[in-house]
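The structure appears right after this line, and notes come after that.
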Amino acid sequence: FLNNDVKVEKNWLHGLNSAFNEDEIAAVQPKLRSLNQPDYFEYAGAAGGFIDKFGYTFCRGRIFDETEKDEGQYNDSPNLF
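Heads up, the sequence shown is in our numbering, so the first residue is 41 and it goes up one at a time.
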């Protein structure tokens, strides 16, 4: 699903779908970058949502109420379990 305020890049869906060709990939999430500052992550989703070992949620690319500049630091496939 996409919100009505989302702008996608050309071939964005192909990139997500191609990740599923890898045996170890079970879920994918695109980076969410700010519409007003495209070099920075969007606060809402940043570079992926996680839950830490204590049950607290957090997003990569966001530290409390500050967002990071996307410099490729999250161009990876982290292990979740």
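In this text, a Cβ means the ideal position worked out from N, Cα and C, and glycines have one as well.
Is the Cβ-Cβ distance between residue i and residue j less than 8 Å?
i	j	result
Asp63	Asp110	no
Lys50	Leu75	no
Thr97	Ile91	yes
Which partner residues does residue i have in the DSSP bridge list?
i	result
Glu64	Paired residue(s): none; Glu64 is not in a bridge.
Glu106	Ile103
Excluding the 5 residues preceding and the 5 following residue i in the sequence, name in chain order all residues of the same chain whose CB lies nearer than 6 Å to its CB.
i	result
Phe60	none
Would you kindly report the start and end of the unbroken alpha helix (DSSP H) that includes residue i?
i	result
Leu56	Trp52 to Ala59
Taking 7 Å as the limit between beta carbons, can you name the residues of its chain near residue i, skipping five residues before and five after?
i	result
Arg73	Tyr80, Phe81, Glu82 and Asp110
Phe94	none
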